[in-house]
Amino acid sequence: MNCQEIEKLMLLEQSGEGTPEDAGTIEQHVASCTACQRYRDELAAILSLAEAAEPSDGPAPGVIAAIEEEAARRATRVIRFPRPALQWLAYAAAAALLVGGWLLLTRNAERVNDPTRMVHQGAQPAGNPMSSMETAADVSVLVAMLADETDSDMVEDIEMAEDREQAIKVLARQLLRLQGINTDEDLLADDLFQPDLSAFPPTHVSAPVTS
Amino acid sequence: MDMPDQELLDLYRQGDTGAIGVLVERHRRPLYGFILKSTEGRTDADEIFQETWFRALRRIDSYKHQNFRAWLMRIARNLIIDRARRKKPVASLDAETEDGQTMAESIPGPARAPAEEARDHELGDRIARAVADLPDDQREVFLMRTQADMSFKDVAETQGVSVNTALARMHYAIGKLRAVLQDEYEQLGR
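Chains A and B supply the protein sequences, listed in that same order.
The opening residue of the first sequence carries number 9 in our numbering; numbering runs sequentially from there.
The opening residue of the second sequence carries number 468 in our numbering; numbering runs sequentially from there.
Structure follows, in structure tokens:
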């Protein structure tokens, strides 16, 4: 095993993830390697200094109080529907998705066909604020149709969404929830989980064309 | 023996709001330490800390992970990234806190002889600056390890990479921080 591999084993040992075999391998190597002896000393010094650098106190007391208040507020407003209601909601969600999707497509089609406006497909970057806001607003309409009283945060999330990717993620989550499928929140929140939005090319509506 | 996080979460779901207070206190220092060193001062850190918990509370019904702290850290990390994208320059440990100190200056010194304490304080300052200068991915790994005491397995899961990648990032970070200590070691004749 070379020095670099031994150094990584030292990191694992330090985090408590090393095995007894790893410890033996390290000791054997360090006994005859001054460079790795030095690495071990310096690693210990760096980690000790960094760990000592914790903030002397936590967040402001008001922050903790606000969290506890929010926890209490949420605990009292959770309303759980019995199963039949959930099934009914799932059917309603499917119907709403069909109707809402149709309305959305129709609206976009009308914009495209509107002779008084010019649509520049791809003329703007994906993050264009105008197109993002329009899409978020469109999605917001759908979510408002689908959201139930117990989860108005979904609508709030959409309204707060700064880009269409986020808006669509929230919509997807809500639809899955209404279908009785628990979503992996972390997966959806993961930066690596980027929905394929190629089916939703950004449309930007410019000022009316004057001839 | 302390009640496991999962049991406290179950208690909260059953209506025991006090359980959240226990969880907040349990994870306060590591979570806040990570956030504070990744953001621009206490005001930002307080906001992100609060928002992390608000989001956690909002999603608590669907929480099904094994490691609650890693989950919190992941929410915080996403918030920090979002904020950095909006604000641009990412946090610096040199940034002044509201009381006019830099992060490094707020480092508590060990109870030792004044000269030694001063030397460590200065070293801590230099390391804090070097940590702030690390590339984002390496700084995250370093802070998750040293501030939140997360395992490499949890760090890797939080960053969405393999354990080997997380280890490599830490290895690079340590390599850069060693350079900061180099002079000091030479002076000590080690």
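Each residue gets a CB set at the ideal place from its N, CA and C atoms; glycine is no exception.
On a predicted model such as this, the values are computed, not experimentally measured, just so you know.
By the Cβ test, the segment 607 to 623 of chain B is not in contact with the segment 515 to 532 of chain B, since fewer than three Cβ pairs between them sit closer than 8 Å. In its chain, beyond the 5 residues on either side, Tyr530, Trp538, Leu539 and Ile542 have a beta carbon closer than 8 Å to the beta carbon of B:Ala523. Separation of B:Arg593 and A:Ala58 (C-alpha to C-alpha, rounded to the nearest whole angstrom) is 11 Å. At a Cβ-Cβ threshold of 9 Å, B:Leu476 and B:Phe516 do not count as neighbours.
Going by C-alpha positions, A:Gln22 is about 14 Å away from B:Val622. If one requires a minimum length of 4 residues, the alpha helix (DSSP H) runs lying completely within the segment 614 to 642 of chain B are 619 to 626, in chain order. Going by beta carbons, A:Cys44 and A:Ile34 fall inside the 9 Å limit.
In terms of CA proximity to B:Ala646, B:Arg596 leads the group B:Arg596, B:Arg509 and B:Asp604. In the DSSP assignment, A:Thr33 falls within the unbroken alpha helix (DSSP H) covering Pro28 to Val38. One thing to note: A:Pro67 has its Cβ within 9 Å of the Cβ of B:Tyr499. According to the DSSP assignment, B:His494 belongs to the alpha helix (DSSP H) that extends over Gly485 to Leu503.
Beyond the five residues adjoining it in sequence on each side, A:Cys11 comes within less than 7 Å, by CB distance, of Cys41, Ala43 and Cys44 in the same chain, given in chain order. When C-beta distances to chain B are compared with 8 Å, the residues of the segment 62 to 83 of chain A below that value are Glu62, Pro63, Ser64, Gly66, Pro67, Ala68, Val71, Ile72, Ala74, Ile75, Glu76, Glu78, Ala79, Ala80, Arg82 and Ala83, in chain order. With respect to chain B, the C-beta atom of A:Ala43 has no partner C-beta closer than 9 Å.
The Cβ atoms of B:Ala640 and B:Leu601 sit closer than 9 Å to each other. If the five residues before and after A:Asp30 are omitted, its C-beta is found closer than 8 Å to the C-beta atoms of Leu17, Leu20 and Glu21, all from its own chain and listed in chain order.
The beta carbon of B:Gly508 sits no closer than 9 Å to any beta carbon of chain A. B:Val491 counts as buried, since at least 16 other C-beta atoms from the protein chains shown sit within 10 angstroms of its C-beta.
Neighbours of A:Gly26 in chain B, taken as residues whose beta carbon is under 7 Å from its own, are absent, since the nearest beta carbon is some 10 Å off. Distances from the CA of B:Asn545 to each of B:Thr519, B:His532 and B:Gly591 were compared; the closest alpha carbon is that of B:Thr519. In the structure shown, the three-state DSSP call for B:Tyr530 is coil. Distance between A:Gly70 and B:Ser505, taken at the CA atoms: about 21 Å.
Identification of chain B residues near A:Ile34 by a Cβ-Cβ cut-off of 9 Å yields none; the smallest Cβ-Cβ distance measures about 14 Å. Rounded to whole angstroms, B:His494 and B:Thr510 show a C-alpha spacing of 19 Å. By the beta-carbon neighbour count (other beta carbons within 10 angstroms, threshold 16), A:Leu106 is exposed. Here A:Ala103 is exposed, its C-beta having fewer than 16 other C-beta atoms within 10 Å. Between A:Gly24 and B:Ser618, the beta carbon gap of about 7 Å places them in contact (Cβ cut-off 8 Å). For B:Arg596, no CB of chain A lies under 9 Å from its own CB, so it is not counted at the interface with that chain.
Taking 9 Å as the CB threshold, B:Thr632 stays off the interface with chain A.
Within the same chain, and ignoring the five residues on either side of B:Val630 in sequence, the residues whose Cβ sits closer than 7 Å to its Cβ are Phe619, Lys620 and Ala623. At a cut-off of 9 Å between beta-carbon atoms, A:Ser23 makes contact with chain B. Closer than 9 Å to the CB of A:Glu29 there is not a single CB belonging to chain B. Here A:Leu20 carries a helix assignment [DSSP, helix/strand/coil]. Residues of the segment 488 to 503 of chain B with a C-beta atom less than 7 Å from some C-beta of chain A are Gly488, Val491, Arg495, Arg496, Tyr499, Gly500 and Leu503, listed in chain order.
A:Ala52 sits exposed, since fewer than 16 C-beta atoms from the chains shown fall within 10 Å of its C-beta. At least one C-beta of chain A is nearer than 9 Å to the C-beta of B:Ile641.
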